[in-house]
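Participant: Residue numbers (our numbering), protein chains in the order written: chain A, 1 to 319; chain B, 320 to 638.
For each residue, glycine too, the CB sits at the ideal point set by N, CA and C.
#1: Please list the partners that residue 406/B has in chain A, where partner means a Cβ-to-Cβ separation under 8 Å.
#2: What would DSSP say about residue 528/B, mapped onto helix, strand or coil?
#3: Using a Cβ cut-off of 7 Å, pull out every chain A residue sitting near residue 528/B, in sequence order please.
#4: Scan the region 425-452 of chain B for residues whose Cβ lies nearer than 8 Å to a Cβ of chain A and list them as they occur along the chain.
#5: Cβ of residue 213/A within 8 Å of Cβ of residue 140/A?
#6: Along the chain, where does the alpha helix (DSSP H) containing residue 68/A start, and where does it finish?
#7: Could you compute how far the alpha carbon of residue 198/A sits from the alpha carbon of residue 288/A?
#8: Please report how far the alpha carbon of residue 620/B lies from the alpha carbon of residue 557/B, in whole angstroms.
#9: List the residues of chain A that residue 511/B touches, going by C-beta distances under 9 Å, in chain order.
#10: Between residue 312/A and chain B, is the shortest Cβ-Cβ distance under 8 Å, so that the two count as touching?
#11: Any beta carbon from chain B within less than 8 Å of residue 142/A's own beta carbon?
#12: Taking the alpha-carbon positions, what's the residue 34/A to residue 122/A distance?
#13: With distances taken between CB atoms, is the gap from residue 326/B to residue 448/B smaller than 8 Å?
#14: Taking residue 309/A as the reference, give the member of 283/A, 230/A, 277/A, 291/A with the closest Cα.
#15: Starting from the N-terminal side, write out each stretch of the alpha helix (DSSP H) that is 4 residues or longer and does not extend beyond the region 491-535 of chain B.
#16: Within 10 Å of its beta-carbon, does residue 598/B have 16 or more other beta-carbons around it, so buried, or fewer, so exposed?
#17: Can you find the residues in the same chain that come closer than 8 Å, C-beta to C-beta, to residue 98/A, ignoring five residues on each side of it along the sequence?
#18: Would you kindly work out how many angstroms separate the C-alpha atoms of residue 500/B and residue 479/B, rounded to a whole number?
#19: Report, in whole angstroms, the separation of the C-beta atoms of residue 546/B and residue 444/B, which I expect to be a contact under 8 Å.
#20: Suppose contacts are defined by Cβ-Cβ distances below 8 Å. Is residue 134/A in contact with residue 285/A by that definition?
#21: Going by DSSP, what residue range makes up the beta strand (DSSP E) through residue 366/B?
#22: Which word fits residue 260/A, buried or exposed, when buried means at least 16 other C-beta atoms lie within 10 angstroms of its C-beta?
#23: Quick one: which residues of the region 93-104 of chain A get their C-beta closer than 8 Å to a C-beta of chain B? List them in chain order.
#24: Could you give the DSSP three-state label for residue 328/B: helix, strand or coil?
#25: Any idea what DSSP makes of residue 570/B, helix, strand or coil?
#26: Contact defined as beta carbons within less than 8 Å: I believe residue 103/A pairs with residue 359/B. What is the distance between those atoms, to the nearest angstrom?
#27: Could you name the residues of chain A that residue 373/B contacts, counting a contact when the two beta carbons are closer than 8 Å?
#28: Within 8 Å of any Cβ in chain B, is that where the Cβ of residue 39/A sits?
#29: Contact criterion: CB-CB distance below 8 Å. Does residue 546/B meet it with respect to chain A?
#30: Taking the alpha carbon of residue 408/B as the reference point, which residue from 112/A, 49/A, 218/A, 32/A has its own alpha carbon closest?
#31: Just by C-beta distance, which residues in the region 536-569 of chain B are closer than 9 Å to chain A?
#32: Do the region 258-277 of chain A and the region 187-197 of chain A touch if we need at least three Cβ pairs shorter than 8 Å?
#33: Pick from 15/A, 294/A, 201/A: whose alpha carbon is nearest that of residue 272/A?
#34: Is any beta-carbon of chain A found at less than 8 Å from that of residue 626/B?
#35: By how many angstroms is the C-alpha of residue 156/A removed from the C-alpha of residue 106/A?
#36: Checking 8 Å against the spacing of the C-beta atoms, do residue 195/A and residue 74/A come in under that value?
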């Protein structure tokens, strides 16, 4: 069986055109663009916690990078570099080859150089670190929400959680919907272009990516910005036809793994955001607003403005 | 039990004075020093592979960061920032508190800001990413060894592997030596000052940190630099008194986990390197040389210049 260094050379060494020194030394060397700040994030994916044992390795490779790029997108950063550390129960070459293919698909799509990493033996665990660039002072931070801001959500939050429920046989989706939901779960599209455009054009005040569920991640904006928030349930995307509506609503509000962007923007941005949605061919839903608050908090309102009970707060690994 | 975010807030949020935006948002924001390049590295520590289940969590916290700082040291970079991703079987607060204490001990000692990370559930796995700064073109690379260079090793390579053999009852060390070896294993001192001085003063051509064993890591310099190397066994540090000499020699040549620096330097650097050893109070052993090579390779020579057999090549996780 090939050794650790041979495995790295064979599957994870590709050209790194935007990097001074790529894999193979003690460190990679990066030359940041002058006057740019770096946005950096790391995410760990664990078998049994974040993905099922039989997950397609190519899709897992894509997702491991994509979830990190989603964090860059939420700050409005331009992705540039990534590192991969992985622990594997054994060196299954076919698995590694497929994993690398998915990872590099994603890296190429978003113009990221894989510059280094670490491989070791142990229970399957993949830890990606991603680095992007952003001009000083321009980042979309979660603590910059302003009372009066609209709340916007991209795409179709909840599909990933529905896909997981289907795979775990907690529900039965029609075949076409199942495919779509499983693709959302296994091959999420980080909203890099959206984050870049929102930042470049100064349209948004606060942003976060929805990894733990819409309400849970909105809660982070609310807490960090010290505001209250209202979600107008009737303005959320329509629930997908063919799914149990109670489960679908729960997934939409509290399902993790969507990697859509949730952002707050002043009402003056509405026309430009509508333009942006059309240009990116990505639905953007104006689904709530931020308010000044005596008490920080989060309210769900139905079509008549009546408050609904919140019983699903999203995902907390140690809650 | 406290949730994921509360655990992070409680144990892993400390001031980050050299950072634009520390933990708490989708990404951390770093402002690199103008005209500096970044050296970046990631290492994963897995229970059962890299440390024993009953390892003291404070020492593990120290080591998880130290092994990454060792990679920065080997490039001659100045450590600045780190990220921690960890998967834990459960949220043991006392364990986490001790782990954080060890981690921040090391961070403070080497002036590193912990700027972000990720926590999740799963088999115990700790993945650190460290970032340092270095002027363009100044990095100590493993591919820059030159025929005629002396080979130098810092400190006492092999003690960590002896300590592990003692803990695993494969040998029995006298108590004082056992303590010293176990400290080398559990609380390694990354040679950051040595790497910085070698780089600042232009003394070395190539460098690597000894994580996989002296011969294995020398092999990387030999391959990358396309040279041959000779190690003069009689010029290596004396074997520790009280240890089985055969085991001690094997640990010295092939034991992992030492995190000493192995570097090549022109003979003209000898007086300055001797000065440096005195000033840093760190022994530096001139133990070999690089040669031009028809065949790239590695030779061990005894005190009479006779070649010895090499049967221990160090540690390869999938070999």
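Facilitator: According to the structure data:
#1: 44, 46, 49, 125
#2: strand
#3: 26
#4: 434, 435, 436, 437, 438, 439, 440, 441, 442, 444, 446, 448, 450, 451
#5: no
#6: 57-75
#7: 18 Å
#8: 16 Å
#9: What residue 511/B touches in chain A: nothing, since even the nearest Cβ is about 12 Å away.
#10: Annotation note: pLDDT 46 at residue 312/A (below 50); position unreliable, coordinate value reported separately. For residue 312/A, the answer is no, since every Cβ of chain B falls outside 8 Å of its Cβ.
#11: yes
#12: 40 Å
#13: no
#14: 230/A
#15: 494-505, 511-519
#16: exposed
#17: 56, 57, 58, 61
#18: 5 Å
#19: Not quite, the Cβ-Cβ distance comes to about 37 Å (not below 8 Å), so this is no contact.
#20: no
#21: It is not in any beta strand (DSSP E) - residue 366/B carries neither H nor E in the DSSP assignment.
#22: buried
#23: none
#24: helix
#25: helix
#26: About 18 Å separates the two Cβ atoms, so there is no contact after all.
#27: What residue 373/B touches in chain A: nothing, since even the nearest Cβ is about 17 Å away.
#28: yes
#29: no
#30: 49/A
#31: 539, 543
#32: yes
#33: 201/A
#34: no
#35: 21 Å
#36: yes
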